[in-house]
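Numbering (my numbering), first residue to last: 14 to 69.
Note that beta-carbon positions come from the ideal geometry of N, C-alpha and C, so glycine has one too.
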């Protein structure tokens, strides 16, 4: 069951990261620090959620 659930979780994580990147890649945005901060925070939170989900 773990193997069946893992690809879906990774796919949803990839979609979340892609949507965050697309949200911040607007024309004229030259400040990359907020983007890097949001992406890093999102990956950290996603990792924590996936770890908590796998511990159940």
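Below 8 Å on the Cβ atoms is my guess for residue i versus residue j; work out the distance and round it to an integer in Å.
i: residue 58; j: residue 33; result: Contact doesn't hold; Cβ gap of about 11 Å is too wide.
i: residue 29; j: residue 55; result: 7 Å
Helix, strand or coil: how does DSSP classify residue i here?
i: residue 20; result: Per-residue confidence for residue 20 stands at a pLDDT of 49, beneath the threshold of 50, marking its modelled position as unreliable; no derived number is given.
For a test of your reading of the model: does the CB of residue i fall under 8 Å from any non-hydrogen atom of the ligand HEM? Yes or no.
i: residue 62; result: For the structure depicted, the ligand HEM is absent and the ligand set is empty, with no information on it obtainable.
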